[in-house]
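Following: one structure in structure tokens, then a few remarks.
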Amino acid sequence: MGVQGKYYIVDSAVLPEIFLKVMEVKELLTTGEARTINEATARVGISRSAFYKYKDTVRPFNDMLSGRIVTLRLTLRDQPGALSNVLQGIASMGGNVLTINQSVPAGGVAEVSLDVETSALRFPMEELLGGIRNVSGVLDCQTPAGQ
Numbered sequence: 121m122g123v124q125g126k127y128y129i130v131d132s133a134v135l136p137e138i139f140l141k142v143m144e145v146k147e148l149l150t151t152g153e154a155r156t157i158n159e160a161t162a163r164v165g166i167s168r169s170a171f172y173k174y175k176d177t178v179r180p181f182n183d184m185l186s187g188r189i190v191t192l193r194l195t196l197r198d199q200p201g202a203l204s205n206v207l208q209g210i211a212s213m214g215g216n217v218l219t220i221n222q223s224v225p226a227g228g229v230a231e232v233s234l235d236v237e238t239s240a241l242r243f244p245m246e247e248l249l250g251g252i253r254n255v256s257g258v259l260d261c262q263t264p265a266g267q
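Residue numbers for the sequence shown, in our numbering: 121 to 267.
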């Protein structure tokens, strides 16, 4: 998959079409022109799996420049209140959860992806991650490389 943790500014004219379509799906969802990922991916003409594969790897330059949106990948026990406790912890530290994507629990665990706006964090990012890792029911918490 190439060098992880490095970012490049690339003219959109030379990007593979899939990246442009993923951005188009994100825009449809952000503006409310599409209400669901199913609807947005169908309108753009890509599969949901392609969207999920690339959604965290391409974003507008302004988002990267500001550094205020961070994706968290969590593995949670399938127990009542686990996700709620994580969300409360993020909010109590000044984070604002923008999106939540959760898999159907299997084998007693669920994978969760959160996009968190961090400009109002009252603590360093490392403390936020440490706090989340200490929440009951959290088995793992990571950010993708480079965030």
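Using N, Cα and C, we set each Cβ at its ideal position, and we do this for glycine too.
**Report entry** Beta-carbon gap between Ser-233 and Asn-216 smaller than 8 Å
**Finding:** On the sequence shown, position 113 is the one that residue 233 refers to. On the sequence shown, position 96 is the one that residue 216 refers to. Cβ distance not < 8 Å, so Ser-233 and Asn-216 don't count as in contact.
Requested in this report: Return the residue from the list Val-134, Ile-252, Ile-157, Ala-226 that minimises the CA-CA distance to Val-145.
Outcome: Translated into the one-based positions of the sequence shown, residue 145 becomes position 25. The residue with the shortest Cα to Cα distance from Val-145 is Ile-157.
Query - Simplified DSSP assignment, three categories, for Ser-224 - result: Translated into the one-based positions of the sequence shown, residue 224 becomes position 104. Reading off the sequence shown, one finds Val at residue 224, where the question assumed Ser. Correct three-state label for Val-224: coil.
Query - DSSP state of Arg-242 mapped onto helix, strand, coil - result: If you number the sequence shown from 1, residue 242 lands on position 122. DSSP places Arg-242 in coil when its eight states are reduced to three.
Query raised in the report: Is Leu-140 helix, strand or coil when you go by DSSP?
Result: Counted from its first residue, the sequence shown places residue 140 at position 20. Helix, per DSSP.
Query - Which listed residue (Thr-161, Glu-137, Leu-203) has its alpha carbon closest to that of Gly-257 - result: Mapped onto the sequence shown, residue 257 falls at position 137. Taking only the C-alpha atoms, the option nearest Gly-257 is Leu-203.
Requested in this report: Could you say which of Ala-226, Glu-231, Leu-207, Thr-150 lies nearest to Leu-248 if we only look at CA atoms?
Outcome: Here residue 248 is taken as the residue at index 128 of the sequence shown, counted from 1. Ranking Ala-226, Glu-231, Leu-207, Thr-150 by Cα distance to Leu-248 puts Leu-207 first.
**Report entry** Residues that Ile-129 bridges to, as DSSP identifies them
**Finding:** Stepping through the sequence shown from its first residue, residue 129 is reached at position 9. Ile-129 pairs with nothing; no bridge assigned.
Query raised in the report: Helix, strand or coil: which one does DSSP assign to Ile-210?
Result: The count along the sequence shown starts at 1 and reaches residue 210 at position 90. DSSP places Ile-210 in helix when its eight states are reduced to three.
Report task. Below 8 Å on the Cβ atoms is my guess for Thr-195 versus Asp-260; work out the distance and round it to an integer in Å. Result -> Looking up residue 195 in the sequence shown gives position 75. Looking up residue 260 in the sequence shown gives position 140. With a Cβ gap of about 4 Å, Thr-195 and Asp-260 count as contacting.
Query raised in the report: Taking the alpha-carbon positions, what's the Thr-263 to Arg-197 distance?
Result: In the sequence shown, the residue the question calls residue 263 occupies position 143. In the sequence shown, the residue the question calls residue 197 occupies position 77. Their Cα atoms are separated by approximately 19 Å.
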